[in-house]
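Here the working numbering is used: position 81 in the sequence shown is 307, and no number is missing along the way. Each residue gets a CB set at the ideal place from its N, CA and C atoms; glycine is no exception. The next block holds one structure in the form of structure tokens; read it before the comments.
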Amino acid sequence: MPPKRRGGNRGRRKGVHLQDNSNSRIDTPIIITPQGPVDEVEQRKKINIQSEFRIAPLIVEVESLTKVKISQLIKTHLPGVIVLNIQVNRPNTYTLYSNDVKSFNRLLNELSSIIQINEKQCSSVYILRSIQRIMENNKEAFIKRVDLEIVDDDIKRTLDEQGFKYEKIKRLLNKDKIPTKTIKITFIDSTNRDLFVKLGMQIDSMHFIAEPANHNNKPSQCYKCFKYDHITKYCKADSQICSKCGDANHTYDACHNSSQKSYML
Numbered sequence: 227m228p229p230k231r232r233g234g235n236r237g238r239r240k241g242v243h244l245q246d247n248s249n250s251r252i253d254t255p256i257i258i259t260p261q262g263p264v265d266e267v268e269q270r271k272k273i274n275i276q277s278e279f280r281i282a283p284l285i286v287e288v289e290s291l292t293k294v295k296i297s298q299l300i301k302t303h304l305p306g307v308i309v310l311n312i313q314v315n316r317p318n319t320y321t322l323y324s325n326d327v328k329s330f331n332r333l334l335n336e337l338s339s340i341i342q343i344n345e346k347q348c349s350s351v352y353i354l355r356s357i358q359r360i361m362e363n364n365k366e367a368f369i370k371r372v373d374l375e376i377v378d379d380d381i382k383r384t385l386d387e388q389g390f391k392y393e394k395i396k397r398l399l400n401k402d403k404i405p406t407k408t409i410k411i412t413f414i415d416s417t418n419r420d421l422f423v424k425l426g427m428q429i430d431s432m433h434f435i436a437e438p439a440n441h442n443n444k445p446s447q448c449y450k451c452f453k454y455d456h457i458t459k460y461c462k463a464d465s466q467i468c469s470k471c472g473d474a475n476h477t478y479d480a481c482h483n484s485s486q487k488s489y490m491l
């Protein structure tokens, strides 16, 4: 008598199970998301927007030129210069947004003379003072704990030997006009400054750590006159100003205007 086969039903059940799975796979829709290339126009817009925030704007003051005429002058006499936008601030004053550093430098150095030659008008191209101060900070570095025996000529010699390009070296003074141990160095650009901060200053067998200049995001405020750029210790005001009503000769606690809200910062 032949041996009884085992697992026959299992095989059939397994086959049915596999068939059900295959059916479920067929019934389930497969969604394919197209991943084609990004639209070039949209990509250029994004790049332009990012560049607009990276490059500082320029201010152009002219006698009597429209922004259309300025755009034509740039297109004709400054090939390769890309300007994202020209905005009107007030009559005969415009803001130019450059696309890159090269365009920014050419506009700053050449646009005024181009207007003078072609339009016979005086003009000025400059950077906003607030932005200019930020750019100046990016070129400055400080060295602390520099002995008074080390003079400026020693520092100049060291910088020249290391190949750094700088504009000015200054030892800071305290309030009594006495030299301190802190040296301030202004380089010609941020590239020289950043490299100097990374390497530090080596004078003979002595090494000094360099620190970059920081932007003053929180200016000091006096709580006597409530003006900025100095503190109460060095305030020259004759009387105390109330931070609640703005009157003199009393403080916030002794203010008689109890119903008035404080408006001082």
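Any idea which residues DSSP pairs residue i with across the strands?
i              : result
threonine 321  : Ile285 and Gln313
glutamine 428  : His433
threonine 412  : Glu366 and Lys394
glutamine 447  : Tyr454
isoleucine 467 : Ala474
Out of the options, state which residue places its alpha-carbon closest to the alpha-carbon of residue i.
i              : options                           : result
glutamate 345  : Lys301, Leu291 and Asp379         : Leu291
lysine 370     : Gln298, Val423 and Gln447         : Val423
glycine 306    : Val286, Val294 and Asn331         : Asn331
tyrosine 478   : Ile457, Val286, Phe452 and Cys461 : Phe452
cysteine 471   : Lys450, Asn483, Tyr460 and Ser465 : Asn483
glutamate 571  : Glu393, Asn335, Leu334 and Val372 : No answer is possible for residue 571: it lies beyond the span of the chain, which begins at 227 and ends at 491.
arginine 355   : Pro283, Cys448, His476 and Ser465 : Pro283
asparagine 311 : Glu289, Ser465 and Ile281         : Ile281
leucine 374    : Asn364, Pro405, Tyr352 and Ile395 : Pro405
lysine 407     : Met427, Ile376, Asp380 and Leu425 : Ile376
glycine 426    : Cys448, His303, Asn440 and Val372 : Val372
asparagine 440 : Ser297, Lys293, Tyr352 and Glu366 : Glu366
Can residue i be considered in contact with the ligand NAP, in the sense that its beta carbon sits closer than 7 Å to one or more heavy atoms?
i            : result
tyrosine 323 : Absence of the ligand NAP from the depicted structure is noted, as is the absence of any ligand whatsoever, leaving it without description.
Roughly how many whole angstroms lie between the Cα atoms of residue i and residue j?
i                 : j                 : result
glutamate 437     : lysine 403        : 23 Å
phenylalanine 279 : alanine 463       : Only weak support exists for where phenylalanine 279 lies, its pLDDT of 48 falling under 50; the coordinates are left without a value.
leucine 337       : threonine 321     : 13 Å
arginine 397      : serine 350        : 34 Å
threonine 384     : isoleucine 429    : 6 Å
serine 324        : threonine 412     : 26 Å
lysine 382        : isoleucine 435    : 16 Å
isoleucine 285    : cysteine 481      : 46 Å
aspartate 420     : alanine 474       : 48 Å
serine 446        : asparagine 418    : 30 Å
isoleucine 457    : lysine 450        : 8 Å
aspartate 378     : methionine 432    : 15 Å
tyrosine 460      : leucine 334       : 40 Å
threonine 319     : aspartate 415     : 28 Å
valine 309        : isoleucine 300    : 9 Å
glutamine 347     : valine 314        : 18 Å
aspartate 455     : arginine 316      : 30 Å
asparagine 400    : lysine 295        : 52 Å
isoleucine 409    : arginine 359      : 19 Å
cysteine 468      : histidine 476     : 6 Å
serine 329        : phenylalanine 368 : 31 Å
glutamate 289     : serine 297        : 16 Å
cysteine 448      : glutamine 466     : 10 Å
tyrosine 327      : lysine 293        : The question names tyrosine, yet the displayed sequence has valine at residue 327. Valine 327 and lysine 293: Cα-Cα distance of roughly 21 Å.
In the DSSP assignment, the beta strand (DSSP E) including residue i goes from what residue to what residue?
i           : result
valine 341  : Note that residue 341 is isoleucine in the sequence shown, not valine. Run containing isoleucine 341: none in the beta strand (DSSP E); it sits in the alpha helix (DSSP H), 327-345.
valine 351  : 350-353
leucine 374 : Premise fails: leucine 374 is in no beta strand (DSSP E) and is neither H nor E.
With residue i as the anchor, note down where its alpha helix (DSSP H) starts and where it stops.
i              : result
glutamine 298  : 293-303
isoleucine 381 : 378-388
threonine 458  : Premise fails: threonine 458 is in no alpha helix (DSSP H) and is neither H nor E.
threonine 417  : 416-425
Between residue i and chain C, is there a C-beta pair that is closer than 8 Å?
i          : result
lysine 401 : The question asks about chain C, but that chain is absent: this structure has only one protein chain.
Contact between the region 381-392 and the region 330-342 (3+ Cβ pairs under 8 Å): Here the region 381-392 does not lie against the region 330-342, with fewer than 3 beta-carbon pairs under 8 Å apart.
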